[in-house]
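Residue numbers (this note's numbering): 1433 to 1515. Reviewing the structure listed below.
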């Protein structure tokens, strides 16, 4: 996945509970954990948004296909109407 750029804007402190050993190890690779976590979180959110859009597009396509079938042949229930 391409790296999303964190949104530049107002920042505020938040509380996270993280494993001490993981934080110590991460500090070996990053001099700015806040920026690293923000980038990783932005990538995560972008991925979730993309997946949600793809699911919606598939659902829309499915509904369009069913509507096309209904328009072409009608509904099997039409023959069984009690009205």
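Just so you know, even glycine gets a beta-carbon here, dropped at the ideal spot from N, CA and C.
For residue 1465 against residue 1459, the beta-carbon gap comes to about 7 angstroms, under 8 angstroms, which counts as contact. Straight-line measurement puts the Cα of residue 1476 at about 21 angstroms from the Cα of residue 1490. The alpha carbon of residue 1442 has as its nearest neighbour, out of 1452, 1448, 1470, the alpha carbon of 1470. Collapsing the DSSP output to three states places residue 1460 in a helix.
In the three-state reduction of the DSSP assignment, residue 1468 falls in the helix class.
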